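If you're matching positions, the sequence shown starts at 9 in full-length UniProt numbering and goes up one per residue. Where a beta carbon is used, it is the ideal one built from N, C-alpha and C, also for glycine. The model shown is predicted, which means the values in this text are computed figures rather than measured ones. Beneath this line is the structure, given in structure tokens, with notes to follow.
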Amino acid sequence: RYRGELRYEGKAKRVYATADPHEYIVEFKDDATAFNGVKKAQIGGKGQINNAITAHLFPQLEAAGIPTHFIEQLSSTEQRVRAVTIIPVEVIVRNVAAGSFSKRLGIEEGTPLNHPVVEYCYKSDALGDPLINSDTALSLGWATEGQLLRIRELALKVRAFLVPYFEQRGVRLIDFKLEFGTTPDGAVILADEISPDTCRFWDSQTNEKLDKDRFRRDLGGVEDAYAEMLRRVTAPVDG
Ligand code: C5P
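Written as structure tokens, this is what we have:
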């Protein structure tokens with residue numbers, strides 16, 4: 009097999025070394041967690057769907073000028089990626105109030121935001137991914153000032169690509185989470201995934217949730233929502 013030793017195992021993915029030190033293999037799992045691991049389950053087909061959606065979107069982001077770690081899809085649940093050092097910062101971009109933003113600020117979910125909001129959280133399961141700001145990341149040596157500026161620029165570029173992309177497919181992109189890594193020369197590139205696990209997707213017509221909130225909030229129809237998002241992401245769009 010092409011997979012070498014297991015380098016990292018997260019809640020939804022495993023990362024393996026390969027014979028080439030500059031490349032990793034990412035395997036997408038069906039496991040789902042919420043509320044910092046308190047709630048656990050399997051979502052049937054999730055690994056395949058998130059792999060397929062990410063493998064569909066990342067090359068298009070690359071073509072739109074956003075460097076990514078993606079090289080190629082290897083199997084239904086695996087992809088080959090460039091080896092990077094993950095910056096331990098979860099970058100959240102919000103277009104519409106929802107989730108922790110709504111809770112923290114007392115703003116009703118679904119309230120459109122007049123300006124995109126970029127938030128940073130420290131990627132730490134033990135601490136529950138606490139909110140930080142870019143000074144925190146700088147002060148603790150997680151990224152340089154130049155890298156933080158680049159992260160913000162790339163996050164907004166991802167937004168500029170994804171918002172109309174999903175709009176054309178009948179989906180409102182409410183918010184999403186990105187992770188970035190650094191290459192040996194210090195360049196920042198997009199890593200991780202873009203999927204119903206890491207985005208809020210609401211149907212444009214009905215505002216029906218088509219993402220992991222169905223699991224988090226026990227709304228049912230989780231597998232169907234993921235399958236529907238795969239269909240919409242990969243379906244050709246007219247005109
Ligand atoms: O929970 P919150 O409102 O902060 O989530 C904002 C966005 O980031 C949502 O799309 C959610 O799916 C994503 N997220 C994530 N991983 C986390 C926390 C949030 O993908 N650990």
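1. Find the nearest neighbour of Ile-94 within the set Asp-143, Gly-189, Leu-82, judged by alpha-carbon distance.
2. Check whether the Cβ atoms of Lys-21 and Val-99 lie closer than 8 Å to each other.
3. Between the Cα of Arg-224 and the Cα atoms of Gln-213, Cys-207, Ile-202, which residue gives the shortest distance?
4. In whole angstroms, give me the CA-to-CA distance for Gly-228 and Arg-222.
5. For Ile-140, verify whether its CB is less than 7 Å away from any heavy atom of ligand 1.
6. Consider the C-beta atom of Ala-106 and the heavy atoms of ligand 1; say whether any pair is separated by less than 7 Å.
7. Spatial neighbours of Gln-176 within its chain, please: C-beta separation below 7 Å, excluding the five flanking residues on both sides.
8. I want to check one thing, is the minimum distance from the CB of Ile-100 to the heavy atoms of ligand 1 below 7 Å?
9. Please name the residue or residues paired with residue 8 in a DSSP beta bridge.
10. Where Val-162 and Lys-48 are concerned, what is the direct C-alpha to C-alpha distance, given to the nearest angstrom?
11. Are Asn-103 and Val-171 closer than 8 Å when you measure CB to CB?
12. In the DSSP assignment, the beta strand (DSSP E) including Ala-168 goes from what residue to what residue?
13. What does the Cβ neighbour count give for Glu-13, buried or exposed, with the cut at 16 atoms within 10 Å?
14. Any heavy atom of ligand 1 inside 7 Å of the beta-carbon of Lys-185?
15. Closer than 7 Å to a non-hydrogen atom of ligand 1 - does that hold for the CB of Phe-223?
16. Can you tell me whether Thr-119 sits near ligand 1, meaning its C-beta is under 7 Å from at least one heavy atom of the ligand?
17. Please specify which runs of the beta strand (DSSP E), each continuous and at least 3 residues long, are wholly inside the stretch 183-217, giving them in chain order.
18. For residue 323, which of Leu-218, Ser-203, Arg-240, Lys-217 has the nearest alpha-carbon?
The short version:
1. Gly-189
2. no
3. Shortest Cα-Cα distance from Arg-224 to any of Gln-213, Cys-207, Ile-202 involves Cys-207.
4. 6 Å
5. no
6. yes
7. Val-245
8. yes
9. Here the chain has residues from 9 to 247 only, and residue 8 is not among them.
10. Looking at the sequence shown, residue 162 is not Val but Leu. Their backbone Cα atoms lie some 32 Å apart in a straight line.
11. yes
12. Where Ala-168 is concerned, there is no enclosing beta strand (DSSP E), although the alpha helix (DSSP H) it sits in stretches over 153-175.
13. exposed
14. Yes; taking the cut-off as 7 Å, the Cβ of Lys-185 has a heavy atom of ligand 1 nearer than that.
15. no
16. no
17. 196-199, 207-211
18. This structure cannot settle anything about residue 323, because the visible part of the chain is limited to 9 through 247.
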